[in-house]
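What follows is a short report on a single structure.
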Amino acid sequence: METSTTPARHALTTPQKWTIASTSAGFALENMDVMFLSFALSSITADLHLSGTQAGLIASVTNLGMLAGGLLFGLLADRFGRVKVFSHTVFIFALATAAMAFAHSLTAVYIFRFLAGVGAGGEYGVGITLIAESFDHDKIGKMTSLAAIGGQLGAVLAAIAAALIIPTLGWQALFVFGLVPVGLTYFIRRHLHESAEFLSARQRPNRQPIRLGALFHTPRLAYQTVALMVMVVVQIAGYFGLMNWLPSIMQQKLGLSVAGSSVWMIATILGMSLGMMTFGSILDYFGPRRAFGLFLFAAALAVFGITLAVNQVTLLLAGAVLGFFSNGMFGGYGAVISRLYPTEIRSTANNLIVNVGRAVGGFSSVVIGFLMDHYSLLVVMGFLSLLYLFSLTVMLTIPALRRLAPTPR
44 METSTTPARH ALTTPQKWTI ASTSAGFALE NMDVMFLSFA LSSITADLHL
94 SGTQAGLIAS VTNLGMLAGG LLFGLLADRF GRVKVFSHTV FIFALATAAM
144 AFAHSLTAVY IFRFLAGVGA GGEYGVGITL IAESFDHDKI GKMTSLAAIG
194 GQLGAVLAAI AAALIIPTLG WQALFVFGLV PVGLTYFIRR HLHESAEFLS
244 ARQRPNRQPI RLGALFHTPR LAYQTVALMV MVVVQIAGYF GLMNWLPSIM
294 QQKLGLSVAG SSVWMIATIL GMSLGMMTFG SILDYFGPRR AFGLFLFAAA
344 LAVFGITLAV NQVTLLLAGA VLGFFSNGMF GGYGAVISRL YPTEIRSTAN
394 NLIVNVGRAV GGFSSVVIGF LMDHYSLLVV MGFLSLLYLF SLTVMLTIPA
444 LRRLAPTPR
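Numbered per my numbering, the sequence shown spans residues 44 to 452.
Written as structure tokens, this is what we have:
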């Protein structure tokens, strides 16, 4: 369901700038933590004597926490306000991240990662919703992708920090840096105000109760919600599976150090950032069916580039191309969900769909851990390729995406 937005402007207004800055800072904090786990995973596995399946489950537990937090904070944001909920998610997430420095058992790791997920789970949907309610429909794709690109800065900083800290101070010290962005993020979010669209929706006399059932009210709507969940499951499965395991794979199979795998991750992240901006522009100009169709098919092919890498140069190129197509789509999901669901339930829709995708797709870390224990890298990449093709098929069956045609220019 589409709603009215602010008039088109060539330059961003001050509230729009604060919105983009705050969401980018929040995504940066989340990505930094995800990458901390990626680079520390091999050290955690060795210190705690974990199997591949146990190690992969750490990321999956985080994503289960994201589902719980996403449901809670999505409903709260739709009921009480997006900005009010925003800052609370940051402190929960940051404190749980820092607590990893004191985790000396697998149980403690699981607990702290679950709590970190609870805080992070509400962040995405609220931030994306703020963007959707601050910009015109034909700019949402580009703006959500821009915020996601800003989030990649956190991943780059994590890669640099891991290369400097893990070899000298150990993996526990790395997680203390999860507290660093809190002050800046809190300061930025103090400058945000609730959108006029949200305030107007709260005053409607016929406003419907905020409940999860609204996302499944009719068979057609239920199918749309589930189909979008499936697409996000594949998106997250590819992202977390690759980003959590490939640093360890590169360290073991190509003999790279933590610093060497960090260089590969930075190249992949740069590819992701370029892919996000490209995808956002394609989404706004050509519509979601063409944008997702192109990137999903290309991602299914790009995953095999990793198997062809024979040295660090070809690995860097393969990582950049893979990042471009596999994660360039990420900002597009929030843009599409925000246009398909009404204001009253928009944060909940974003959080439920994306965090179900995280919770289920996050188990790809366990699956890939199992496959790496028993099969070759080619089998892993083949598994991911089939997932992207399946997502492409599901996307083509969602009728409402046909309505989200680009605005005539």
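Virtual Cβ for every residue (Gly too), placed ideally from N, Cα, C.
- Please classify Gln-246: does DSSP put it in a helix, a strand, or coil? Position 203 of the sequence shown, counted from the first residue, corresponds to residue 246. It is coil, neither helix nor strand.
- Item | C-beta contact flag for Val-275 and Val-397 at 7 Å | Walking along the sequence shown from the start, residue 275 turns up at place 232. Walking along the sequence shown from the start, residue 397 turns up at place 354. Yes, Cβ-Cβ distance for Val-275 and Val-397 is below 7 Å.
- Could you give the distance in angstroms between the alpha-carbon of Ile-183 and the alpha-carbon of Ala-175? The residue labelled residue 183 in the question sits at position 140 within the sequence shown. The residue labelled residue 175 in the question sits at position 132 within the sequence shown. For the pair Ile-183 and Ala-175, the Cα-to-Cα distance works out to about 6 Å.
- Message: Quick check: the Cα distance between Gly-34 and Gln-246, rounded to an integer number of angstroms?
- Response: The displayed coordinates of the chain run from 44 to 452. Any statement about residue 34 would go beyond what the structure contains.
- Query: In three-state terms, what does DSSP make of Pro-385?
  - Reply: Numbered from 1 along the sequence shown, position 342 holds the residue referred to as residue 385. Reduced to three states, the DSSP call for Pro-385 is coil.
- Ala-216, enclosing alpha helix (DSSP H) - first and last residue: Locating residue 216 in the sequence shown gives position 173, where the first residue counts as 1. Under the DSSP assignment, Ala-216 falls in the alpha helix (DSSP H) whose first and last residues are 214-219.
- Considering only residues of the segment 64-124, which uninterrupted alpha helix (DSSP H) runs meet the minimum length of 4 residues and lie entirely inside it, listed in chain order? 95-123
- In its own chain, which residues sit with a C-beta less than 7 Å from the C-beta of Ala-142, not counting the 5 before and 5 after it? On the sequence shown, position 99 is the one that residue 142 refers to. Cβ neighbours of Ala-142 beyond the five flanking positions: Phe-155.
- Reduced DSSP secondary structure (H/G/I, E/B, other) of Met-272: As a working note, residue 272 is residue 229 in the sequence shown. Taken through DSSP and simplified to helix, strand or coil, Met-272 comes out as helix.
- Message: My assumption, with CB atoms under 8 Å, is that Leu-217 sits in contact with Ile-209. Please give the rounded CB distance.
- Response: Sequence index remark: in the sequence shown, residue 217 carries index 174 (1-based). Sequence index remark: in the sequence shown, residue 209 carries index 166 (1-based). Between the beta-carbon of Leu-217 and that of Ile-209 there is about 6 Å, and that keeps the pair under the 8 Å contact cut.
- Return the CA-CA distance between Leu-359 and Thr-386, expressed in angstroms with no decimal places. Within the sequence shown, numbered from 1, the residue matching residue 359 stands at position 316. Within the sequence shown, numbered from 1, the residue matching residue 386 stands at position 343. Rounded to whole angstroms, Leu-359 to Thr-386 spans 42 Å at the Cα level.
- Message: Could you tell me the alpha carbon to alpha carbon distance between Ile-309 and Val-273, rounded to whole angstroms?
- Response: Taking the sequence shown and counting its residues from 1, the one referred to as residue 309 is at position 266. Taking the sequence shown and counting its residues from 1, the one referred to as residue 273 is at position 230. Whole-angstrom Cα-Cα distance: 28 Å.
- Item | Buried versus exposed call for Tyr-167 [16 or more other C-beta atoms within 10 Å across all chains shown] | By one-based count along the sequence shown, residue 167 stands at place 124. The residue in question, Tyr-167, is buried, as its Cβ has 16 or more Cβ neighbours within 10 Å.
- Item | the segment 395-410 contacting the segment 96-112, beta-carbon criterion three pairs below 8 Å | yes
- Message: For Ser-130 and Leu-351, I'd like the C-alpha separation in whole angstroms.
- Response: Position 87 of the sequence shown, counted from the first residue, corresponds to residue 130. Position 308 of the sequence shown, counted from the first residue, corresponds to residue 351. If you take the alpha carbons of Ser-130 and Leu-351, they lie about 44 Å apart.
- Task: Examine the Cβ distances between the segment 426-439 and the segment 110-121 and report whether three or more of them are shorter than 8 Å.
- Result: Inter-segment contact for the segment 426-439 and the segment 110-121 is absent: fewer than three beta-carbon pairs are separated by less than 8 Å.
- Message: Mapping the DSSP letters down to three states, classify Arg-254 as helix, strand or coil.
- Response: Position 211 of the sequence shown, counting from 1, holds the residue named residue 254. Coil.
- Message: Using a Cβ-Cβ cutoff of less than 8 Å, which residues in the same chain neighbour Pro-58 once the five nearest sequence positions on both sides are dropped?
- Response: In the sequence shown, the residue the question calls residue 58 occupies position 15. For Pro-58, where only same-chain residues beyond five positions count, the Cβ hits under 8 Å are Ser-177, Leu-235, His-236.
- Closest by C-alpha distance to Asn-74, when choosing among Gln-195, Leu-93, Phe-413: Within the sequence shown, residue 74 is the residue found at index 31, counting from 1. Measuring from the Cα of Asn-74, the nearest candidate turns out to be Gln-195.
- Message: Does Pro-442 pass the burial test, meaning 16 or more other C-beta atoms within 10 Å, or should it be called exposed?
- Response: The residue labelled residue 442 in the question sits at position 399 within the sequence shown. Under this definition Pro-442 is an exposed residue.
- If we count the other Cβ atoms within 10 Å of its Cβ and call it buried at 16 or more, is Tyr-418 buried or exposed? Sequence index remark: in the sequence shown, residue 418 carries index 375 (1-based). In summary, Tyr-418 is exposed, with fewer than 16 beta-carbon neighbours lying within 10 Å of its beta-carbon over all protein chains present.
- Message: Can you tell me whether Tyr-328 is helix, strand or coil according to DSSP?
- Response: Here residue 328 refers to the residue found at position 285 when the sequence shown is read from its first residue. Three-state result, Tyr-328: helix.
- Query: To the nearest whole angstrom, what separates the beta carbons of Met-438 and Gly-371, a pair I think is in contact under 8 Å?
  - Reply: Here residue 438 corresponds to residue number 395 of the sequence shown, with the count starting at 1. Here residue 371 corresponds to residue number 328 of the sequence shown, with the count starting at 1. Going by Cβ atoms, the distance from Met-438 to Gly-371 rounds to 15 Å, so no, they are not a contact pair.
- Query: Count the other CB atoms within 10 Å of the CB of Asp-76; is the residue buried (16 or more) or exposed (fewer)?
  - Reply: As a position in the sequence shown, residue 76 is number 33, starting the count at 1. So Asp-76 counts as buried.
- Item | Straight-line gap, Trp-61 to Ala-190 (C-alpha atoms, nearest Å) | Stepping through the sequence shown from its first residue, residue 61 is reached at position 18. Stepping through the sequence shown from its first residue, residue 190 is reached at position 147. Spanning the two alpha carbons is a distance of roughly 11 Å.
- Task: Confirm, please, whether the CB-CB distance from Phe-157 to Val-104 is below 7 Å.
- Result: Along the sequence shown, one-based indexing puts residue 104 at 61. Along the sequence shown, one-based indexing puts residue 157 at 114. It is a contact, given that the beta carbons lie within the stated cut-off.
- Task: Name the residue from Ala-342, Leu-255, Phe-241 whose alpha carbon lies nearest to the alpha carbon of Tyr-21.
- Result: Coverage of the chain is limited to positions 44 through 452, which leaves residue 21 absent and any answer about it impossible.
- Go through its chain and collect everything with a Cβ distance to Phe-136's Cβ below 6 Å, but skip five positions before and after it. In the sequence shown, the residue the question calls residue 136 occupies position 93. These residues qualify, in order along the chain: Ala-159, Gly-162, Ala-163.
- Task: Whole angstroms is fine: what's the gap from Tyr-376's alpha carbon to Met-319's?
- Result: Indexing the sequence shown from 1 puts residue 376 at position 333. Indexing the sequence shown from 1 puts residue 319 at position 276. Cα to Cα, the separation comes out at about 11 Å.
- Just mark Asp-5 as buried or exposed, buried being the case when its beta carbon has 16 or more other beta carbons within 10 Å. A query on residue 5 cannot be resolved here, the shown segment of the chain reaching from 44 to 452 and no further.
- For Gly-256, count neighbouring C-beta atoms within 10 Å of its own C-beta (all shown protein chains included) and say buried if the count is 16 or more, exposed if not. On the sequence shown, residue 256 is found 213 positions in, with the first residue counted as 1. Taking a 10 Å sphere around the C-beta of Gly-256, we find fewer than 16 other C-beta atoms and assign the residue as exposed.
- Contact set for Leu-365: own chain, Cβ-Cβ below 8 Å, skip 5 residues either direction: Working through the sequence shown from its first residue, we reach residue 365 at position 322. Closer than 8 Å at the Cβ level, and outside the excluded window around Leu-365, lie Leu-285, Thr-311, Gly-314, Ala-342, Ala-345, Val-346, Gly-348, Ile-349.
- Message: So Leu-383 and Gln-267 are supposed to be a Cβ contact under 8 Å. How far apart are they, rounded?
- Response: Taking the first residue of the sequence shown as 1, we reach residue 383 at position 340. Taking the first residue of the sequence shown as 1, we reach residue 267 at position 224. Their Cβ separation, rounded to whole angstroms, is 7 Å, which keeps Leu-383 and Gln-267 in contact under 8 Å.
- Message: Taking the alpha-carbon of Ser-324 as reference, which of Ser-369, Ser-188, Ile-192 has the nearest alpha-carbon?
- Response: In the sequence shown, the residue the question calls residue 324 occupies position 281. Comparing Cα positions, the closest option is Ser-188.
- Query: From which residue to which residue does the alpha helix (DSSP H) around Ser-177 run?
  - Reply: Position 134 of the sequence shown, counting from 1, holds the residue named residue 177. Looking at the DSSP string, Ser-177 is not in any alpha helix (DSSP H), and its letter there is neither H nor E.
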